[in-house]
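Undergrad: My numbering numbers the first residue of the sequence shown as 1070 and each following residue consecutively.
Ideal placement from N, C-alpha and C gives every residue a C-beta, glycine not left out.
I am attaching a structure below and will ask some questions about it afterwards.
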Amino acid sequence: MRVWRLDDGRQTLALAATGDRLPQVVYWGARLPDAEDLGTLQAAQTLDVTGGMLDENPDLSICPEATRTFPGQPGLVVRGQSGTPLLPKFCYAEDEPNGDQLSLTYRDEDHGLTLTFHFAIDEDTHLITARTRLEADDPVHLHWLAAPVVPGPQLSDEMYDFSGRWCGEFQMNTTAWSPGLRYRENRTGRTGHEHFPGLLVPVRGATNAQGEVYGFHYGWSGGHRMVAEELPDGRRQVQWGHASRMEASAATAFETAPLYMVYSNDGLNGCAVAFQRHLRDRIITWPKPDAPRPVHYNCWEAVYFDHNVEILKDIADRAADLGAERFVLDDGWFGLRDDDTRSLSDWQVDPRKYPEGLHPLINHVHERGMSFGIWFEPEMINPDSDLHRANPHWALGSEDQTLGRQQKAINMALPEVRDFIYDRMAAILRDHAIDYIKWDHNRVLPMPDAAQTRGSYALIDRLRADFPHVEIESCASGGGRIDFGILKRTQRIWLSDSNDAIERLRIQHNAALFLPQVVTGSHVGPRTCHTSGRVIDISMRAWVAAQRHMGFEMDPRELTEEETAVLGEVTAWWKANRDWMAGADILRLDSADPAVLAEQQLSRTGDRFVVFAGKEDTSRQIAPRPLRLTRLTPHAMYRVALINRGTAHHLSRGTPVLKSDPIEVSGAWLMTQGVTLPWSFPATMWVLEGTLIDGKDG
Ligand code: GLA
1070 MRVWRLDDGR QTLALAATGD RLPQVVYWGA RLPDAEDLGT LQAAQTLDVT
1120 GGMLDENPDL SICPEATRTF PGQPGLVVRG QSGTPLLPKF CYAEDEPNGD
1170 QLSLTYRDED HGLTLTFHFA IDEDTHLITA RTRLEADDPV HLHWLAAPVV
1220 PGPQLSDEMY DFSGRWCGEF QMNTTAWSPG LRYRENRTGR TGHEHFPGLL
1270 VPVRGATNAQ GEVYGFHYGW SGGHRMVAEE LPDGRRQVQW GHASRMEASA
1320 ATAFETAPLY MVYSNDGLNG CAVAFQRHLR DRIITWPKPD APRPVHYNCW
1370 EAVYFDHNVE ILKDIADRAA DLGAERFVLD DGWFGLRDDD TRSLSDWQVD
1420 PRKYPEGLHP LINHVHERGM SFGIWFEPEM INPDSDLHRA NPHWALGSED
1470 QTLGRQQKAI NMALPEVRDF IYDRMAAILR DHAIDYIKWD HNRVLPMPDA
1520 AQTRGSYALI DRLRADFPHV EIESCASGGG RIDFGILKRT QRIWLSDSND
1570 AIERLRIQHN AALFLPQVVT GSHVGPRTCH TSGRVIDISM RAWVAAQRHM
1620 GFEMDPRELT EEETAVLGEV TAWWKANRDW MAGADILRLD SADPAVLAEQ
1670 QLSRTGDRFV VFAGKEDTSR QIAPRPLRLT RLTPHAMYRV ALINRGTAHH
1720 LSRGTPVLKS DPIEVSGAWL MTQGVTLPWS FPATMWVLEG TLIDGKDG
């Protein structure tokens, strides 16, 4: 018997192997005592056998093997070069336990295959990172390789995973566990709106703020496969990997992307905080780690393709007056890009729109105290482009493929293509004072292809190495490429093309299960939303943007004096608070009223918080229900103020004290009774600030 364990303060992941067989995760959950004998655990939880069963239950190992009569999906499907299925049986080769890391190597001599599993646990963020690597003596065809496979919890009735669409990202699906598979396979070639690679498995009774939850995220931008399977004997397994059959050629080495996993004993928020902190503090690399996140202005919804330098300068002036600190020039500045039918890949400034180049606009933006960012869609090509006319074979996929937004992807696996695109982009970055790229990817691939994703990563990595001061925002028609693989190379995501604050409220709420405030772009859109037609008050639009990395995207020329004033105030509030909010945890609140979607951002030291209680809809009941806060110190006293109480509508006629004054109350009261907010219209947001009162805790 061989055993291994990884621990942090709150969780233990324990592995045990019988003889030379692949190990099983025999325990994953609340921290076990150091004295626990893992061999005993393995023996004690071995399943009994009765009529109709094999004489021993096959291992649910970290790579379940078809050759060991495993009754579910195997962890590896591989063929020899001639196409013959290989049926390996792995035996122990070596292990390398190293504090918070563990490597295990297993070998199948008959087929010349080696499997290496790597685990790492982070004491501070509580995230476990796990990956599997396959090496072969001779080239093999890979169909499926799972990152280390873990058992699913038994006292769990359901699981939550994510789907979505353009302007409707991060929709949560609930699926009951039942015999058989929940199988998600994303064959679009990009992370996609439809398939955010995340899974949360609550133990019965878990909510946002309490209970046990297991969280998973697969950090890869080329499309994933997830298997959550209940075996005939009742055991459950969770597998993650690249979408199957994504490797076009035989090779001697393959590796999964990192699988991020976490056990939480304080609800969905325990997973959310682990993902948020790990992404922000361990994965993302920031060109200027200490600089505050600048308020953005993006001109897309103001001018679309209709670029005129004088108008853009005027817009930039107004954006600066509103408080913007970075101006992002969106699509339309290059080639002959008057609409979305042409010019992608012709990354040269359009002399018709910019007769003196981009410099006059950039200089103007700088004079107004803003930095300058620019839009690219590097992996794409329009058939109507100079590059396509010269090199049609650089496009990925067949000639008669169905286009997406009138464009094709270019073949990023070809080094000459990457060099060409690099040169064009590098020329723009070298010749201009640009410190930000909005990097778009507006169509799915003609077929899934891991080499394409690797090629995209290589191009980004090269540009980052040569232009280390340039930040990148990952966009794909909004939130179509959001995952920890792309975020290892970028610093912001464009969460959604929906600037409808009501839709955003929910998208942001769900995305916070994985994404921290600092990476999540959120812009104040036009009064009449361009993608929903809804007319939303400026206060709601501004506060929803202020929940995340704030920016503006409306045409500022449409703003009334009153709207300008409200936007100015909320932006000033955001700037005054952004430093502590950048490091805060976003905690989803369990709202007694389904019409209220609320979150609490709690500073790392716990000394202050802000609650955003957004009203998505009209409530069923006539008066507001109290809202419980979370993760405060029960015996500490807090001063709580409704900072936008001045916006209470005259139909709110009562006298709840928060309408006039701050209150001083205990953490216990805030977390058990909760705050009763004034009555409000739908599509409005209450904003509460809380501060710990010194000297009164304990
Ligand atoms: C995508 C993005 C938008 C905008 C357009 C430009 O749709 O999501 O924000 O940049 O492309 O064409």
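1. Could you tell me whether any non-hydrogen atom of the ligand GLA is closer than 8 Å to the CB of D1407?
2. For W1402, is the classification buried or exposed, using 16 other Cβ atoms within 10 angstroms of its Cβ as the cut-off for buried?
3. At a cut-off of 8 Å, would you count A1641 as near the ligand GLA, judging by its Cβ distance to the nearest heavy atom?
4. Between S1591 and the ligand GLA, is the CB less than 8 Å from at least one heavy atom?
5. So what's D1302 in DSSP terms, helix, strand or just coil?
6. Just to confirm my understanding: we take P1537, look at its own chain, exclude 5 residues before and 5 after, and list those with CB closer than 7 Å. What are they?
7. With DSSP as the reference, identify every bridge partner of T1589, one or two as the case may be.
8. How far does the alpha helix (DSSP H) with N1646 in it reach, from first residue to last?
9. Measuring straight from C-alpha to C-alpha, what distance separates R1523 and M1481?
10. Look at R1617 and V1604 and say whether their C-beta atoms are less than 9 Å apart.
11. So who's on the other strand from M1330, going by DSSP bridges?
12. Using the DSSP secondary-structure output, state which residues sit across from M1228 in a beta bridge.
13. Please work out which residues of its chain come closer than 6 Å, Cβ to Cβ, to C1544, disregarding the five sequence neighbours upstream and downstream, and give them in chain order.
14. Based on the DSSP output, what are the partners of K1158 in its beta bridges?
15. Could you check if R1673 is buried or exposed, using at least 16 other CB atoms within 10 Å of its CB as the buried criterion?
16. Cα separation between G1637 and G1438?
17. For C1340, count neighbouring Cβ atoms within 10 angstroms of its own Cβ and tell me buried if that reaches 16, exposed if not.
18. Does DSSP put K1728 in a helix, in a strand, or in coil?
19. In the DSSP assignment, find the alpha helix (DSSP H) that holds P1484 and state where it starts and stops.
20. So is the beta-carbon of N1334 under 8 Å away from any non-hydrogen atom of the ligand GLA?
21. Quick one: what's got a C-beta closer than 6 Å to T1760's C-beta in the same chain, skipping five residues either side?
22. According to DSSP, is A1615 helix, strand or coil?
23. Using DSSP bridges, identify the partner residues of A1320.
24. In angstroms, rounded to a whole number, what distance separates the CA positions of E1134 and P1220?
25. So, at 7 Å on beta carbons, what are the nonlocal neighbours of T1589 in its own chain, with the 5 sequence-adjacent residues on each side left out?
26. Taking just the CA atoms, how far does R1346 sit from L1328?
27. Quick one: does the C-beta of C1785 sit closer than 8 Å to a heavy atom of the ligand GLA?
28. Can you tell me which of the three DSSP states D1552 falls into?
29. K1477: beta carbon under 8 Å from a heavy atom of the ligand GLA?
30. If you count every other CB in all the chains shown that lies within 10 Å of the CB of K1765, and 16 or more means buried, which is it?
31. Can you tell me where the alpha helix (DSSP H) with V1342 in it begins and where it stops?
32. Does the beta-carbon of K1507, which I'm using as the reference point, lie nearer than 8 Å to any heavy atom of the ligand GLA?
33. Closer than 8 Å by C-beta to N1167: which residues in its own chain qualify, once you throw out the five before and the five after it? Chain order, please.
34. Hey, out of Q1742, L1173, T1321 and F1374, whose CA is closest to V1147's CA?
35. Hey, is G1284 close to the ligand GLA, as in C-beta under 8 Å from one of its heavy atoms?
36. Go ahead and label L1224 buried or exposed: buried means 16 or more other beta carbons lie within 10 angstroms of its beta carbon, across all protein chains shown.
TA: Result, derived from the coordinates:
1. Position 338 of the sequence shown holds residue 1407. D1407 Cβ: outside cutoff for every heavy atom of the ligand GLA.
2. Counting from 1 along the sequence shown, the entry for residue 1402 is found at position 333. Buried, because 16 or more other Cβ atoms sit within 10 Å of the Cβ of W1402.
3. One-based indexing of the sequence shown puts residue 1641 at position 572. No, the Cβ of A1641 stays beyond 8 Å of every heavy atom of the ligand GLA.
4. Start at 1 with the first residue of the sequence shown, and residue 1591 comes out as number 522. Every heavy atom of the ligand GLA is 8 Å or more from the Cβ of S1591, so no.
5. Against the sequence shown, residue 1302 aligns to sequence position 233. In this structure, D1302 counts as coil in the three-state DSSP scheme.
6. By 1-based counting over the sequence shown, the position of residue 1537 is 468. Correct list, in chain order: P1356.
7. What you label residue 1589 is simply residue 520 of the sequence shown in a count that begins at 1. DSSP lists I1562 as the beta-bridge partner residues of T1589.
8. As a working note, residue 1646 is residue 577 in the sequence shown. Membership of N1646 in the alpha helix (DSSP H) is indicated by the continuous run E1630 to A1651.
9. Taking the first residue of the sequence shown as position 1, residue 1523 is located at position 454. Taking the first residue of the sequence shown as position 1, residue 1481 is located at position 412. Their backbone Cα atoms lie some 8 Å apart in a straight line.
10. On the sequence shown, residue 1617 is found 548 positions in, with the first residue counted as 1. On the sequence shown, residue 1604 is found 535 positions in, with the first residue counted as 1. A distance of 9 Å or more separates the beta carbons of R1617 and V1604.
11. Here residue 1330 refers to the residue found at position 261 of the sequence shown. BP columns for M1330 point to I1197 and F1285.
12. As a working mapping, residue 1228 is identified with position 159 in the sequence shown. Note: M1228 sits in a beta bridge opposite T1244.
13. Here residue 1544 corresponds to residue number 475 of the sequence shown, with the count starting at 1. Only K1507, D1509 and W1563 meet the Cβ criterion.
14. Here residue 1158 corresponds to residue number 89 of the sequence shown, with the count starting at 1. None; K1158 has no bridge partner.
15. Translated into the one-based positions of the sequence shown, residue 1673 becomes position 604. Exposed, since its Cβ has fewer than 16 Cβ neighbours within 10 Å.
16. Residue numbering aside, residue 1637 sits at position 568 when the sequence shown is read from its first letter. Residue numbering aside, residue 1438 sits at position 369 when the sequence shown is read from its first letter. Spanning the alpha carbons of G1637 and G1438 requires a straight line of approximately 17 Å.
17. In the sequence shown, the residue the question calls residue 1340 occupies position 271. It counts as buried.
18. By 1-based counting over the sequence shown, the position of residue 1728 is 659. Reduced to three states, the DSSP call for K1728 is helix.
19. Walking along the sequence shown from the start, residue 1484 turns up at place 415. P1484 to D1500 is the span of the alpha helix (DSSP H), which, as asked, contains P1484.
20. Numbered from its first residue, the sequence shown carries residue 1334 at position 265. Checking the Cβ of N1334 against the ligand GLA gives no.
21. Taking the first residue of the sequence shown as position 1, residue 1760 is located at position 691. Closer than 6 Å at Cβ, skipping near neighbours: R1677 and R1708.
22. Locating residue 1615 in the sequence shown gives position 546, where the first residue counts as 1. Note: A1615 maps to helix in three-state DSSP.
23. In the sequence shown, counting from the first residue as 1, residue 1320 sits at position 251. Under DSSP, A1320 forms a beta bridge with V1209.
24. Stepping through the sequence shown from its first residue, residue 1134 is reached at position 65. Stepping through the sequence shown from its first residue, residue 1220 is reached at position 151. Taking the straight line from one Cα to the other gives about 15 Å.
25. As a working mapping, residue 1589 is identified with position 520 in the sequence shown. Cβ contact annotation for T1589 (same chain, cutoff 7 Å, sequence separation greater than five): I1562, L1564, Q1577, A1580, R1617 and H1618, in chain order.
26. The residue you call residue 1328 lines up with position 259 of the sequence shown. The residue you call residue 1346 lines up with position 277 of the sequence shown. Their backbone Cα atoms lie some 16 Å apart in a straight line.
27. A query on residue 1785 cannot be resolved here, the shown segment of the chain reaching from 1070 to 1767 and no further.
28. What you label residue 1552 is simply residue 483 of the sequence shown in a count that begins at 1. Shown here, D1552 sits in coil according to DSSP, grouped into three states, outside any helix or strand.
29. Numbered from its first residue, the sequence shown carries residue 1477 at position 408. Outside the cutoff, so no.
30. For the purposes of this step, residue 1765 is identified with residue 696 of the sequence shown, where counting begins at 1. Confidence at K1765 is low in this model, with a pLDDT of 49, below 50, so the placement of that residue is unreliable and no value is reported for it.
31. Taking the sequence shown and counting its residues from 1, one reaches residue 1342 at position 273. Where V1342 is concerned, the enclosing alpha helix (DSSP H) stretches over G1336 to H1347.
32. Working through the sequence shown from its first residue, we reach residue 1507 at position 438. Yes, Cβ of K1507 sits closer than 8 Å to a heavy atom of the ligand GLA.
33. As a first step, residue 1167 is located in the sequence shown; it is residue number 98 there, counting from the start. Listed in chain order, the non-local C-beta contacts of N1167 below 8 Å within the same chain number zero, local neighbours out to five positions each way being set aside.
34. Translated into the one-based positions of the sequence shown, residue 1147 becomes position 78. The candidate whose alpha carbon is nearest that of V1147 is T1321.
35. The count along the sequence shown starts at 1 and reaches residue 1284 at position 215. Proximity of the beta carbon of G1284 to the ligand GLA is not indicated: no heavy atom of the ligand is located closer than 8 Å.
36. Stepping through the sequence shown from its first residue, residue 1224 is reached at position 155. Counting every other CB atom within 10 Å of its CB across the protein chains shown gives L1224 a total below 16, marking it as exposed.
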